[in-house]
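K.L.:
Take this structure, written in structure tokens, and hold onto it; I'll ask about it next.
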Amino acid sequence: MSSGMIFEDTYQEGENTYHKHVDMATCAYRLTRNGEPVSLEEWNAAVNRLYPMSLKGEHGFPLIRVKEWMRRRSLARLVSASNPRIVADIGSEAGHIVRHFLDGVDKVYCVDLDPHMVDRALTGLASSKVVGCVSGAEAIDLPDASVDVLLAASILEHLADPAAAVREFRRVVRDGGRIVMSVPNDRAITRIKRALQGLRIGWIQGKLARGLAMGHIGVFSLESLRSVAREGGTVLRCGYLLPHFLDLFVVVQR
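When we follow our numbering, the leftmost residue of the sequence shown carries the number 32, and every step to the right adds one.
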């Protein structure tokens, strides 16, 4: 549920009950399992088990699959807009977005904190252009100024300190290069979910979380996304991914 600047939700995994309290006014969050505090690392491990990003791309309801396909294609176009030769995809999971721009680049670093996801990207993309890198968004195992474009899609909302991550993105991108970031429009998405449940057609969501997505500990507006993006450089564009308005994006020049 949500109330003003407070988002509070419960998620079930067998006998385990996960509870999340997010206060957007103070950027504070509280994560518990069966009433006991858990670390963000432990929490995200549960997220990967319960709500992987693949749920959307493989969803049983066609409109959700189409929306996810449009998100991936839109972000791939933003990456390709400056004709980069070397790209880093932070939080790449299985390389869903990379697949859409791989032919036009020389090298892609698929970066993810989960080694299993890096392996999936390398196996699924099956290209000599793809290099796996196991590391988190706040400490990327790549040299300074080593990429032309860095993509961070649906990452910032999972982080305790998004601004620190954006500063790390800036380090990795060469002068004049670009950072492309996106976050879900969670205020709109949670309203849609409540409407579906009120109309008693919440079954459309399938296995997706009924409230705020489990892994999200930050909720962004265009203003707050633009603000954190300035840590990476000059904001060139900031807006909604069209035509669905359910994701926000920003493009920054280093």
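Glycine included, every Cβ here is placed at the ideal spot set by N, Cα and C. Computed from a prediction, not measured in an experiment: that's the story for all the values here.
Exposed or buried, what is ALA56 when buried is set at 16 or more other beta-carbons lying within 10 Å of its beta-carbon?
P.N.:
Counting Cβ neighbours within 10 Å, ALA56 comes out exposed, since fewer than 16 surround it.
K.L.:
With three or more beta-carbon pairs closer than 8 angstroms as the criterion, would you say the region 217–229 touches the region 248–263?
P.N.:
Yes, the region 217–229 is in contact with the region 248–263.
K.L.:
On the three-state DSSP scale, how would you describe SER213?
P.N.:
SER213: strand per DSSP, three-state reduction.
K.L.:
Identify the residues that DSSP records as bridge partners of ALA59: which are they?
P.N.:
DSSP output for ALA59 lists ASP54 as bridge partner(s).
K.L.:
Please check the pair ASP143 and GLU124, which I expect to be a contact at CB under 8 angstroms, by giving their CB distance rounded to whole angstroms.
P.N.:
Sure, about 6 angstroms apart at Cβ, within 8 angstroms.
K.L.:
Given a threshold of 16 other Cβ atoms within 10 Å of its Cβ, counted over all protein chains shown, does MET36 qualify as buried or as exposed?
P.N.:
Its Cβ having fewer than 16 others within 10 Å, MET36 is exposed.
K.L.:
Using the three-state DSSP reduction, which class does GLU39 fall into: helix, strand or coil?
P.N.:
DSSP places GLU39 in strand when its eight states are reduced to three.
K.L.:
Does DSSP put LYS138 in a helix, in a strand, or in coil?
P.N.:
Of the three classes helix, strand and coil, the one that applies to LYS138 here is strand, per DSSP.
K.L.:
From ILE186, LEU256 and ARG201, pick the residue whose C-alpha is nearest to that of MET268; which is it?
P.N.:
According to the sequence as given, residue 268 is Arg; it is not Met. Cα-wise, what sits closest to ARG268 is LEU256.
K.L.:
Can you tell me whether ALA119 is buried or exposed, with buried defined as 16 or more other CB within 10 angstroms of its CB?
P.N.:
Under this definition ALA119 is a buried residue.
K.L.:
Using the Cα positions of LEU156 and ILE186, report the straight-line distance between them to the nearest angstrom.
P.N.:
For LEU156 and ILE186, the distance between alpha carbons rounds to 21 angstroms.
K.L.:
Quick check on ILE186: does DSSP put it in helix, strand or coil?
P.N.:
It is coil, neither helix nor strand.
K.L.:
Can you name the residues that DSSP bridges to GLN284?
P.N.:
Its beta-bridge partners are ARG209 and THR265.
K.L.:
Is LEU81 close to chain B? Criterion is C-beta to C-beta, closer than 8 angstroms.
P.N.:
The chain labelled as chain B is not found in the depicted structure, where only one protein chain is given.
K.L.:
On the three-state DSSP scale, how would you describe GLY155?
P.N.:
It is helical.
K.L.:
So, helix, strand or coil for PRO93, using DSSP?
P.N.:
Reduced to three states, the DSSP call for PRO93 is helix.
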